[in-house]
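Undergrad: Take a look at the following structure, please.
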Amino acid sequence: MPELPEVEIYRLYLESSSLHQPIENIEVDDPNLLTVPFTTLYETLVGRWFTGTRRIGKNLFVLTDGPDPLDQPVIVHMHFGMTGDLAYYHSSLDRPKYARIVFHFRNGFNLGFICPRKFERIGLIDDIPAYLKRKKIGKDGLAISLSELTEQIRRKKALIKPVLMDQSTVAGLGNWIVDEVLFQARVHPEKRTENLTDNEIRQLHDAIQLVLTTAIRHEAQYRDFTINFLIHVREWDDSPYDDVEAHKFCPRCGTRIAKSEVGGRTTYFCPNDQQL
DNA sequence: AGGAATGTTCTTAT
DNA sequence: TATAAGAACATTCC
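Everything in the first sequence is counted per my numbering, starting at 1 for the first residue and increasing by one.
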């Protein structure tokens with residue numbers, strides 16, 4: 001899933017492949033994937049080129065420049081939903097499946113925005129801070145301080161799992177990362193925020209940093225995480241341990257990992273290490 | 001009333 | 001075919 005670590009990898013990929021090449025054409029299979037009209041996207045971007053990137057949480061912003069000076073900045077916003085990806089390729093023979101939006105560059109290469117499930121979006125904005133405010137997107141998971149996280153959690157009265165999934169609390173955590181963070185911090189996913197101690201919030205903050213930096217270090221290749229991560233009990237695509245009984249138990253205490261639903265999302269946790 | 005919490009829906013490959 | 005997901009939107013709560 002494209003949560004913060006994956007989007008960071010995509011950002012670096014775009015930076016190293018797609019900058020400073022004028023856009024000659026843009027192909028869009030389904031206009032519903034755009035948050036602006038196709039003609040606006042096309043007329044605004046053709047002739048311009050990408051100059052750099054920014055990432056806040058799961059959001060990727062691509063800065064652009066162009067031949068004619070414009071009054072306002074033109075920034076491409078990308079959100080990868082649950083299955084989004086990027087692919088830079090040359091020959092149309094190499095065009096990946098589900099590359100439903102394609103930027104064709106003057107040098108003959110293409111950047112494909114891959115969206116198998118159509119939960120992904122591309123749009124145009126001119127001001128990143130204004131966009132973040134409008135969408136209520138909080139501090140990035142890698143940048144948030146302990147006091148900022150504490151302040152955010154203290155102002156909410158709900159179960160900790162949905163609170164951490166909420167992008168206004170901290171930006172970039174999705175379903176599996178929140179489970180992993182709660183597991184590493186030994187906090188039950190259904191613990192109410194009112195009942196969290198300052199120390200537990202500190203553990204959550206530490207765990208967020210640990211999980212995010214680990215995932216980025218391994219370029220979001222889950223199989224490379226050490227065995228003390230909960231990720232290995234999940235049934236993600238291509239998991240080498242999928243359905244292997246030996247990996248359905250807590251790597252710390254050996255208790256069978258529980259599977260439930262919290263906040264409408266599938267949740268895994270250790271009933272022994274994470275108690276209410 | 002109204003902001004916050006909680007629930008539903010969209011979408012489609014596997 | 002039942003399932004999974006992020007976020008927008010809808011509804012309920014206090």
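Ideal Cβ positions, reconstructed from N, Cα and C, are used throughout, including at glycine.
By a C-beta neighbour count over all protein chains shown, 10 Å radius and 16 as the cutoff for buried, is P69 buried or exposed?
TA: It is exposed - the Cβ of P69 has fewer than 16 other Cβ atoms within 10 Å.
Undergrad: Got a sec? Which residues, its chain only, sit under 8 Å from D30 by beta carbon, not counting five neighbours each side?
TA: Once the five neighbours on either side are set aside, the close Cβ partners of D30 are R100, K118.
Undergrad: Taking all protein chains shown into account, decide if E3 is buried (16 or more other Cβ within 10 angstroms of its Cβ) or exposed.
TA: So E3 ends up on the buried side.
Undergrad: Return the bridge partner residues of E3 from the DSSP annotation.
TA: Partner(s): none; E3 has no beta bridge.
Undergrad: In chain order, which continuous runs of the alpha helix (DSSP H) of length 4 or greater are located wholly inside the region 7-58?
TA: 38-45, all fully within the region 7-58.
Undergrad: Please check the pair R154 and P22, which I expect to be a contact at CB under 8 Å, by giving their CB distance rounded to whole angstroms.
TA: Contact flag wrong, Cβ pair sits at about 49 Å.
Undergrad: Could you pull out every residue in the same chain whose Cβ sits closer than 6 Å to the Cβ of K259, ignoring the five residues on either side in sequence?
TA: Closer than 6 Å at Cβ, skipping near neighbours: Y268.
Undergrad: Assuming F109 and Y10 are in contact, meaning their beta carbons sit under 8 Å apart, how far apart are those beta carbons, in whole angstroms?
TA: With 8 Å as the limit, F109 and Y10 do not qualify as a contact, their Cβ atoms being about 17 Å apart.
Undergrad: Comparing C-alpha positions only, which one of G52, F103, V74, R256 sits nearest to A87?
TA: Closest option to A87, Cα to Cα, is F103.
Undergrad: Could you tell me which residues DSSP pairs with E261 in its beta bridges?
TA: DSSP lists T266 as partners of E261.
Undergrad: If I measure Cβ to Cβ from I125 and keep anything under 6 Å in the same chain, skipping five residues before and after, which residues do I get?
TA: Taken in chain order, the residues that qualify are I75, H77, Y131.
Undergrad: Name the residue from R48, I177, K97 whose alpha carbon lies nearest to the alpha carbon of M1.
TA: Minimum Cα distance to M1 is reached at I177.
Undergrad: Between which two residues does the beta strand (DSSP E) containing V76 stretch?
TA: 75-79 is the span of the beta strand (DSSP E), which, as asked, contains V76.
Undergrad: So for L111, helix, strand or coil by DSSP?
TA: Strand.
Undergrad: Which partner residues does I128 have in the DSSP bridge list?
TA: Per DSSP, none; premise fails for I128.
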